[in-house]
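Using this note's numbering, the letters of the sequence shown correspond one by one to residues 1 to 97.
Heads up, the beta-carbon is just placed ideally off N, CA and C, and yes, glycines get one too.
Predicted model only: the values in this text are computed from it and were never measured.
Before any comments, here is the structure.
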Amino acid sequence: MIHAQWIPLYQLHLGNGSTVAELASVCLMDAGAMTRTLDRLERKGLVRRTCSAKDRRVVNLALTSDGGAAAARIPFALCEVLNASLKGFSEDECNLL
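See the structure below:
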């Protein structure tokens, strides 16, 4: 999963952005980019989109069970990446960063 996909996935997991417009705003993305990202996440079975019963122009978002599980792993994966990138640095060097 790439950066542009895990940020919206994790924001949904945190409860930030229940619609495409809200999520785009939270993730600092334009609506078109968010729609393309959600297309990919939906194809992967991680996100589900439904039209609002009150306003058909509004698209509501929800994580699937697979999406929730993937989002819950994101902080751990980021820690692993950070730790791997700092491997070989001394504690003093890490503190300088």
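Tell me whether residue 51 is buried or exposed, calling it buried when 16 or more other Cβ atoms sit within 10 Å of its Cβ.
With fewer than 16 neighbouring CB atoms inside 10 Å of its own CB, residue 51 falls in the exposed class.
When DSSP builds the beta bridges, which residues end up paired with residue 50?
DSSP lists 60 as partners of residue 50.
Can you list, in chain order, the residues of its chain whose CB lies under 8 Å from that of residue 64, leaving out five sequence neighbours each side?
45, 46, 47, 48, listed in sequence order.
Within the same chain, show all residues whose beta-carbon is closer than 7 Å to that of residue 86, passing over the 5 residues directly before and after it, in chain order.
Answer for residue 86: 94, listed in chain order.
Judging by CA-CA distance, which residue of 78, 42, 68 is the nearest neighbour of residue 3?
When 78, 42, 68 are compared, the shortest CA-CA separation from residue 3 is found for 78.
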